[in-house]
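All residue numbers for the sequence shown refer to this note's numbering, where the first residue is 95 and numbers rise by one.
For each residue, glycine too, the CB sits at the ideal point set by N, CA and C.
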Amino acid sequence: MEIKKKHLDRREWYTDAERNYSCLYHRDEYFQGGIGLITFTGLAKPDIVDTVEGPFCIADQGYQWLELAPENGHFVLTAMFHDEQLFQQYIDITLMNDVAENGDAVFFDLFLDVVILTDGTPRIVDSEELDAALSGGIITRKEYDLATHTAKRVVDLYHSEDRLIRQKLYEYRAFFNHGSNTSK
């Protein structure tokens, strides 16, 4: 077990032959950082994962993942779309996000995650991984506290601003559907 460096384009999980990726740097009154869009184009089979709600398809032909990595933030949000439907939101809690000028980013995963259930309820998951990382000396108490505090802030934000968050996710996704992006 270790803190993993991950990429906004999710190259750790999928190859370039399976997806297209575009990114941009964006700043507005709600968000500042990297935004990426992954469009799945060549998966051999659907990617089905076990979730708190049961088996769930997170990626298949034509699915899109909108990735948001706030600069100087401690989370990365993945908003999953099929056609025009936002069907899943998954938030990785991070030690740090390194956002490039073009919007591409890498982040360092702090084990803890928040998933937005299909009914809109935010739920903190993988607490046992965070606990194991602390007891195993992988992370410090300060990093543990950062993760738990950030996850709680994310949950609170979804309780108070769910409608606005959903609206902004659709707006940010539209940046890519109208050709104003940087491709990678």
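Query, Result
"For Thr276, which residues of its own chain have a beta-carbon under 7 Å away from its beta-carbon, when the five flanking residues on both sides are left out?", "In this prediction, Thr276 has a pLDDT of 42, which is less than 50 and means its spatial position is unreliable; nothing more can be read from the coordinates."
"Taking 8 Å as the cut-off, decide whether the C-beta atoms of Asp192 and Asp207 are in contact.", "no"
"Taking the straight line between their C-alpha atoms, what separation do you get for Leu160 and Tyr108?", "15 Å"
"Determine the DSSP secondary structure at Lys98, reduced to helix, strand or coil.", "strand"
"Short of 7 Å in beta carbon distance, which residues of its chain neighbour Ala226, apart from the five on each side in sequence? Order them along the chain.", "Met95"
"Leaving out five residues before and five after Phe169 in sequence, what residues of the same chain have Cβ atoms less than 7 Å from its Cβ?", "Ile185, Asp186, Ile187, Thr188, Thr244 and Val248"
"Candidates Ile132, Glu112, His101 and Ala111: which alpha carbon is nearest Tyr266's?", "Ile132"
"With a Cβ-Cβ cutoff of 8 Å, do Ile129 and Leu162 count as a contact?", "yes"
"Leu224 and Phe205: beta carbons closer than 8 Å?", "yes"
"Considering only their Cβ atoms, is the gap separating Met190 from Gln182 smaller than 8 Å?", "no"
"Per DSSP, Asn191 is paired with what?", "Phe201"
"Nearest-angstrom Cα distance between Ala241 and Ala199?", "19 Å"
"Could you tell me the distance, in whole angstroms, from the CA atom of Thr234 to the CA atom of Arg121?", "32 Å"
"So, for Gln261: in the same chain, excluding its five sequence neighbours on each side, which residues have a beta-carbon less than 7 Å away from its beta-carbon?", "none"
"Considering only their Cβ atoms, is the gap separating Ile97 from Asp203 smaller than 8 Å?", "yes"
"Which class does Phe269 belong to by DSSP, given the choice of helix, strand or coil?", "helix"
"How is Val248 classed by DSSP in three states: helix, strand or coil?", "helix"
"State the Cα-Cα distance for the pair Phe150 and Ile232, rounded to the nearest angstrom.", "30 Å"
"Of the choices Tyr238, Pro216, Gly214 and Asp213, whose alpha-carbon is the least far from that of Glu222?", "Tyr238"
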